[in-house]
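Trainee: Numbering (our numbering), first residue to last: 24 to 129. Think of the CB as a built atom: it goes at the ideal place given N, C-alpha and C, for glycine as much as any other residue. One structure coming up, written as structure tokens, with questions to follow.
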């Protein structure tokens, strides 16, 4: 092989190696950014889960009360909330013993 051809081959190989090295460095930088973002998201996710666990007992305690309030508002709008007549309009807004028992039992 001629010395000039050999030198040109090494020069081409060197340039290809430099291009590949630049691509590897760019990918390395992207991976570092992704790891940093992933770490931040994991931390945020952990904090949100902790906050959710703190709120769950409050939500569970309020849920039955909110349901009762909802049923009372339906009853006040003139509809039955008892099992026997649920959703039917109360005639002349007369009281229903079954609805009252459901709403005000302890």
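Is there contact between the stretch 90 to 106 and the stretch 67 to 77, where contact requires at least three CB pairs shorter than 8 angstroms?
Mentor: no
Trainee: Residue 30 to residue 37, Cα distance in whole Å?
Mentor: 10 angstroms
Trainee: Going by Cα to Cα distance, which pick from 97, 119, 117 is closest to residue 110?
Mentor: Nearest option by C-alpha distance: 97.
Trainee: Ignore the nearest five residues each way along the sequence and tell me which others in residue 101's own chain have a CB closer than 8 angstroms to its CB.
Mentor: 112, 113, 116
Trainee: Hey, residue 125 and residue 104: beta-carbon distance below 8 angstroms or not?
Mentor: yes
Trainee: Look up residue 65 in the DSSP assignment and say whether it is helix, strand or coil.
Mentor: helix
Trainee: I need the straight-line Cα distance from residue 43 to residue 32, nearest angstrom please.
Mentor: 16 angstroms
Trainee: Spell out whether any CB of chain B is found under 8 angstroms from the CB atom of residue 99.
Mentor: Among the chains of the structure shown, chain B does not appear; only one protein chain is present.
Trainee: Go through its chain and collect everything with a Cβ distance to residue 107's Cβ below 8 angstroms, but skip five positions before and after it.
Mentor: Sequence-distant Cβ neighbours of residue 107 in its own chain, meaning closer than 8 angstroms and more than five residues away, are 121.
Trainee: In the DSSP assignment, the alpha helix (DSSP H) including residue 104 goes from what residue to what residue?
Mentor: From DSSP, residue 104 is part of no alpha helix (DSSP H); its letter is neither H nor E.
Trainee: Once DSSP output is grouped into helix, strand and coil, what is the label at residue 128?
Mentor: coil
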